[in-house]
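Enquirer: One structure, pasted below without further comment.
Here you go:
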């Protein structure tokens, strides 16, 4: 049984850094850019981290909130040919790392949690590639990120970092979408060790 | 990335064996028995197998159907102190194994897929133990079962063995319940190798 050590939020320092402008200002713009890049580079591979802390001895997931409504996992698109683990480290540093290089955590990327597929230039993603789809447009891979017992985070000013309890995510696709709301099931196989 | 080899249904032989009478004839009877055993033995631990085959190069899950309506994974309740892996092998043999002992597959129990908790003597199960629940009533553990490239199965006459494609299970808690309908997400981290 794989183990994840969870530490209280109070173990970490949180600061702010310069705004990271969202590349897409609307949903149609997002899919237009996906299509444009797909035509040049082929299927997009994106990676995301499952970062957990504990509060009251209960697991909470770290999520980034944009504009007070939309939540996402820290992560992003890989460069063509980039390794998933290295790419995720790069993205975590960009989204959560402090500006001072020597404070950037030594990200420990662990187990693969899930792999989602986007068959078309549309919002729908599935945890399997549909049988008739020979050319999926995006593959998104989630990895467990094992946090150490302390560390520094800096979050872009336009984003807010939230710690959301498992029971709030579970069966709540309406609020969080299928990728995030199904994380409780996917990580139920882990043993969580609570550290105070 | 863990690998699962999938073989076509036609690789296996299926037969029938004597009816296995369901221990509970109604849902209230089921929870009454759960409570009765809980008071003697404490939390129930039950195990279930995720057995996969392929049809048209697409993964299908083996499910047992009872009375034409209710589906369940092969598995069952452990004896007090019984090891999860050994108990699952025993249950798979009881539900799916041929009567001829020397034909019983050498079940290869693999990765833990999920762990569900039943906080009360009620139908609701969760992929995490709620924070305020100190004494859950049941823990159900799902394991990947790696099938070999051929073998013999015998299914009790009152049950029907079905191979259900992933897309039918996904997002279909209404038909299959949360434990089975979330298997596609939980196994998305595996690489499926299709063998013909």
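Protein chains in written order, with our numbering: chain A, 40 to 235; chain B, 40 to 235. Every residue gets a Cβ at the ideal spot worked out from N, C-alpha and C, and that includes glycine.
1. Determine the extent of the alpha helix (DSSP H) in which residue 226 of chain A is found, giving its start and end residues.
2. Quick one: is residue 179 of chain B buried, meaning 16 or more other Cβ sit within 10 Å of its Cβ, or exposed?
3. Write down the C-beta distance between residue 155 of chain B and residue 221 of chain A rounded to the nearest angstrom, noting that I regard them as a contact closer than 8 Å.
4. So which residues on chain B does residue 151 of chain A lean against when the C-beta distance must stay under 7 Å?
5. Taking any Cβ of chain B, which residues in the segment 161-185 of chain A have a Cβ under 7 Å from it, in chain order?
6. Chain A beta carbons: is any one of them nearer than 7 Å to that of residue 93 of chain B?
7. Check whether the Cβ atoms of residue 13 of chain B and residue 81 of chain B lie closer than 7 Å to each other.
8. Rounded to a whole number of angstroms, what is the C-alpha to C-alpha distance between residue 201 of chain A and residue 167 of chain B?
9. Rounding to the nearest angstrom, what Cα-Cα distance links residue 41 of chain B and residue 41 of chain A in this structure?
10. Count the other CB atoms within 10 Å of the CB of residue 184 of chain B; is the residue buried (16 or more) or exposed (fewer)?
11. Would you grab the beta carbon distance between residue 219 of chain B and residue 112 of chain B for me? Rounded to a whole angstrom, and I think it's under 8 Å.
12. Tell me which same chain residues have a C-beta within less than 8 Å of the C-beta of residue 55 of chain B, skipping the five on either side of it?
13. What residues in its chain sit with their C-beta under 6 Å from that of residue 191 of chain A, if we drop five residues either side in the sequence?
14. Taking only runs of the alpha helix (DSSP H) that begin and end inside the segment 57-92 of chain A, which ones reach a length of at least 4 residues, in chain order?
15. Looking only at its own chain, which residues have a Cβ that is under 7 Å from the Cβ of residue 77 of chain A, when we skip the five neighbours before and after it?
16. Assign residue 170 of chain A to one of three DSSP states: helix, strand, or coil.
17. Shorter than 7 Å from the beta carbon of residue 207 of chain A to some beta carbon of chain B?
18. Specify the secondary structure class of residue 194 of chain B as computed by DSSP and reduced to three states.
19. With H, G and I counted as helix, E and B as strand and the rest as coil, what does DSSP make of residue 50 of chain A?
20. By alpha-carbon positions, which one of A/50, A/45 and A/43 ends up nearest to residue 189 of chain A?
21. Counting only runs of 3+ residues fully inside the segment 94-170 of chain A, write out the beta strand (DSSP E) ranges in chain order.
22. Residue 96 of chain A versus chain B: which residues are under 8 Å apart at the beta carbon?
23. Return the CA-CA distance between residue 71 of chain A and residue 106 of chain A, expressed in angstroms with no decimal places.
24. Which stretch, first to last residue, makes up the beta strand (DSSP E) that contains residue 186 of chain B?
25. With H, G and I counted as helix, E and B as strand and the rest as coil, what does DSSP make of residue 40 of chain B?
26. Based on the DSSP output, what are the partners of residue 231 of chain B in its beta bridges?
27. Check whether the Cβ atoms of residue 225 of chain A and residue 224 of chain B lie closer than 7 Å to each other.
28. Run through DSSP, which three-state label would residue 217 of chain B get?
29. Determine, using beta carbons only, whether residue 130 of chain B and residue 149 of chain B come nearer to each other than 7 Å.
30. If we count the other Cβ atoms within 10 Å of its Cβ and call it buried at 16 or more, is residue 163 of chain B buried or exposed?
31. Mind checking if residue 125 of chain B is an interface residue toward chain A, Cβ cutoff 7 Å exclusive?
32. Express the C-alpha separation of residue 233 of chain B and residue 140 of chain B in angstroms, rounding to a whole number.
33. From this set, B/151, B/174, B/144 and B/145, which residue's C-alpha is nearest residue 157 of chain B's C-alpha?
34. Mark residue 203 of chain B as exposed unless 16 or more other C-beta atoms lie within 10 angstroms of its C-beta, in which case mark it buried.
Expert: Concretely, from the data shown:
1. Element bounds for residue 226 of chain A: n/a, residue is neither H nor E.
2. buried
3. Actually they do not touch by this definition, with Cβ atoms about 14 Å apart.
4. Chain-ordered, the chain B residues with CB closer than 7 Å to the CB of residue 151 of chain A read 40 and 228.
5. 165, 166, 167, 169 and 170
6. So no, residue 93 of chain B is outside the interface.
7. Since the first residue shown for chain B is 40 and the last is 235, residue 13 of chain B is missing from the structure and cannot be characterised.
8. 20 Å
9. 14 Å
10. Its Cβ being crowded by 16 or more others within 10 Å, residue 184 of chain B is buried.
11. About 7 Å separates the two Cβ atoms, so the contact holds.
12. 193, 194, 195 and 196
13. Counting only Cβ-Cβ distances below 6 Å, and skipping sequence neighbours, we find 52, 137 and 142.
14. 66-80
15. Listed in chain order, the non-local C-beta contacts of residue 77 of chain A below 7 Å within the same chain comprise 83 and 176, local neighbours out to five positions each way being set aside.
16. Reduced to three states, the DSSP call for residue 170 of chain A is coil.
17. no
18. strand
19. helix
20. Taking only the C-alpha atoms, the option nearest residue 189 of chain A is A/50.
21. 97-105, 109-111, 114-116 and 147-157
22. 170
23. 22 Å
24. First-last for residue 186 of chain B: undefined, no H or E at that position.
25. coil
26. In the DSSP output, where bridge partners are listed per residue, residue 231 of chain B has B/43.
27. yes
28. In the structure shown, residue 217 of chain B adopts helical secondary structure according to DSSP, grouped into three states.
29. no
30. The residue in question, residue 163 of chain B, is exposed, as its Cβ has fewer than 16 Cβ neighbours within 10 Å.
31. no
32. Computed Cα separation, rounded: 29 Å.
33. The closest CA to that of residue 157 of chain B, considering only B/151, B/174, B/144 and B/145, is found on B/174.
34. buried
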